[in-house]
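These notes are about the structure you will find just below.
There are 2 protein chains.
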Amino acid sequence: MDEAEFATGLRELTADRMRGASELARQSLALCARSARATPAASADALRGLLERRAAALVAARPSMAPIGNLLARWRDALGPVAGDELSMLRHRAEAAAQELIESSQQALGRAAAAAAKQIGDGKTIITHSLSASVSEALHRLRGRSTRVIVTESRPLLEGHTLARKLVQWGLGTTLITDAEVGLFVAEADVALVGADSLCADGSVVNKVGTYLLALAARDRGIPFYVCCESFKLRMLGMPPVELEEMDPGELAAPELGDLRVRNCYFDITPSRLVSGWIDEQGQRTRWEANDPEPCGGHFPT
Amino acid sequence: MDEAEFATGLRELTADRMRGASELARQSLALCARSARATPAASADALRGLLERRAAALVAARPSMAPIGNLLARWRDALGPVAGDELSMLRHRAEAAAQELIESSQQALGRAAAAAAKQIGDGKTIITHSLSASVSEALHRLRGRSTRVIVTESRPLLEGHTLARKLVQWGLGTTLITDAEVGLFVAEADVALVGADSLCADGSVVNKVGTYLLALAARDRGIPFYVCCESFKLRMLGMPPVELEEMDPGELAAPELGDLRVRNCYFDITPSRLVSGWIDEQGQRTRWEANDPEPCGGHFPT
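These protein sequence lines map, in sequence, to chains A and B.
All the letters of the first sequence, read from the start, carry residue numbers 0 to 301 under numbering that gives the first Met the number 0.
All the letters of the second sequence, read from the start, carry residue numbers 0 to 301 under numbering that gives the first Met the number 0.
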């Protein structure tokens, strides 16, 4: 996998606006596995240096998404600091470690989704925002159980349409609304369920912009607001403040006026005080034991 | 103005998704004035009956918009119950009454906007939602006074683009965001300011869907949430429960899936407990003296 091929993969990851952090973290690991298997290198040390540079580039590509950093950090640890490695042994270990992390991430997602489905139970109306792999999996487990789902379209790229298609295929009663209709339709839901791109150390939730509004409406209307994601979504202590990615304003198709500023921020932060339960592969917890006394990020202090 | 011509005007009013309740109320009055001036009638009684039928049709066309009902009720009162009128006298009185109400509605709007501009003052960043004639007028009065405005695009028809164009023309520093970004950008505003399609008797605000979310975010972030509208926006006691208009789902351009329900509700209700101040042509009040102990509407109990 030469530099040009890796650069293409990196560009795809940077430009992906539809898939969530879990999927993009696994895609990053897959790029690492292919780099380990199929990049020409003169020595084990040369390969290790190259793999570490590529991992760092992947982490920097999507700063709002903690799992990319977390899983690639574990992957780098698994490479080991052994000097004088054989090149073929390092290739094998690096590829196997990436594959294992992909599988364990997939398993964690499945377990978190199962825990969410169990927590919610049969016959409920669920409101969700955007497209989350873990929420999607949880809803798949709730098919055939008199579940109804209210899905936001999720501007600007309308990934809610993708979720709505899946739900209809699975036979779930599905209603599609605009992002602005969230306040109105929370009144028809029993529970709000979202995924996360990252969890901050204080339990705040970095997710598709609009999630904070859903959480506010859920609180105001007295329905629980659950976050379902794998534990490796947690931003580790000592990580820099959350950077909320801003994308091409052109996606909003706004009128072109010289002095008009168009802002296309993809993420917001929902303070942990608005979260009724955090659900991961271990199950649910309704109280967050803060790992960090500091609230999450500079953009959105609680 | 024969029935076909009136029917065209009525259809335009029913289909109008861009203009707010004030403008459509004045448009209704203009249709009444033209009906009075230029509809063939055999007698004053015949004309009176026709005008009353047309007024009732105009009121029924936009049930979320109290001012149409209020202004047309005043207009019908102005026709007077006099039997044996001369036809030409009735025509004149009906047309003059409609014109006076149009003018007094325009004056009330200007005074409410002036009161809002005064309340807000210089050098502020204002966040607003959708396109409101009174808010637009208030912002016009704040030009050249270091005012900045954050405008939502306002799905599905993006009337926020129209407001943004005006503001840029007037030289106001303007930022356009998606409806979902409201939670993020409230943090950059000093004050939230919206108009209203109707005010309920308990002070709740019927306005473009998404207004409730802006009010929740403003409360959560500790900035004031002001409603600026003329007093004839108030739903009178004894009016039926608020009917929140639902429009063509096709406007959302959602995928066509047999079992997918697409909901395109244009209005929501913001409970009065989230309103910091009601501003009308009399000035501002920060407490609502309830005219009616019942909360507003069945769709959205407080």
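Built from N, CA and C at the ideal position, the CB exists for glycine as well.
In the DSSP secondary-structure assignment, residue 148 of chain B is bridged to B:125 and B:173. Counting C-beta atoms within 10 angstroms of its own C-beta, residue 285 of chain B has fewer than 16 neighbours from the protein chains shown and is therefore classed as exposed. With respect to chain B, the C-beta atom of residue 188 of chain A has no partner C-beta closer than 8 angstroms. Distance between residue 260 of chain A and residue 84 of chain B, taken at the CA atoms: about 59 angstroms. Assignment of residue 69 of chain A by DSSP, reduced to helix, strand and coil, places it in the helix class. Within the DSSP bridge table, the entry for residue 277 of chain B names B:226 and B:284 as partners. Residue 226 of chain B is outside the set of residues whose beta carbon lies under 8 angstroms from a beta carbon in chain A. Near chain A, meaning a CB-to-CB distance below 7 angstroms, the residues of the region 209-220 of chain B are 209, 211, 212, 215, 216 and 219. Taking 8 angstroms as the cut-off, the beta carbon of residue 140 of chain B is found closer than this to the beta carbon of residue 112 of chain B. Contact of residue 264 of chain A with chain B by beta-carbon distance below 7 angstroms involves 180 and 183.
Residue 160 of chain B belongs to the set of residues whose beta carbon lies under 8 angstroms from a beta carbon in chain A. Of all residues in the region 253-282 of chain B, the ones placed with a Cβ closer than 9 angstroms to any Cβ belonging to chain A are 253, 254, 256, 257, 258, 259, 260, 261, 262, 263, 264, 266, 267, 268, 269, 270 and 273, in chain order.
The Cβ of residue 240 of chain B sits no closer than 8 angstroms to any Cβ of chain A. According to the DSSP assignment, residue 191 of chain B belongs to the beta strand (DSSP E) that extends over 190-193. At least one CB atom of chain B sits nearer than 8 angstroms to the CB of residue 155 of chain A. With a 10 Å radius around the Cβ and a threshold of 16 neighbouring Cβ atoms, residue 269 of chain B comes out buried. Pairing residue 165 of chain B with residue 195 of chain B gives a Cβ-Cβ distance that is not under 8 angstroms. Under the Cβ distance rule, residue 167 of chain B counts among the residues neighbouring chain A, one pair being separated by less than 8 angstroms. Shown here, residue 198 of chain A sits in a strand according to DSSP, grouped into three states.
Taking 8 angstroms as the CB threshold, residue 163 of chain B lines the interface with chain A.
Residue 266 of chain B: member of the beta strand (DSSP E) spanning 266-269, first to last residue.
The beta-carbon separation of residue 163 of chain B and residue 173 of chain B, rounded to 5 angstroms, stays under the 8 angstroms limit for a contact. Between the region 49-57 of chain B and the region 65-79 of chain B, the count of C-beta pairs closer than 8 angstroms reaches three or more; the two stretches touch. In terms of beta-carbon proximity, residue 176 of chain B lines the interface with chain A, with at least one pair separated by less than 8 angstroms.
By the rule that beta-carbons nearer than 8 angstroms mark a contact, residue 173 of chain B touches chain A. Note that the C-beta distance between residue 283 of chain A and residue 118 of chain A is below 8 angstroms.
Closest option to residue 59 of chain A, judged by alpha-carbon separation, among A:101, A:14 and A:275: A:14. Around the beta carbon of residue 235 of chain A, fewer than 16 other beta carbons lie within 10 angstroms, which makes this residue exposed.
Three or more Cβ pairs drawn from the region 186-195 of chain A and the region 119-138 of chain A lie within less than 8 angstroms of each other, which places the two stretches in contact. Here residue 265 of chain B is not near residue 288 of chain B, since their CB atoms are 8 angstroms or more apart. Taking C-beta atoms as the reference points, residue 46 of chain B and residue 108 of chain B fail to come closer than 8 angstroms. Distance from the CA atom of residue 20 of chain A to the CA atom of residue 7 of chain A, rounded to whole angstroms, is 19 angstroms. With contact defined as three or more Cβ pairs closer than 8 angstroms, the region 202-217 of chain B and the region 33-43 of chain B are not in contact. No Cβ of chain A is located within less than 8 angstroms of the beta carbon of residue 198 of chain B.
Taking 8 angstroms as the cut-off, the Cβ atoms of residue 222 of chain B and residue 115 of chain B do not count as close.
If you look at residue 50 of chain B, you'll find it in the alpha helix (DSSP H) that goes 43-60.
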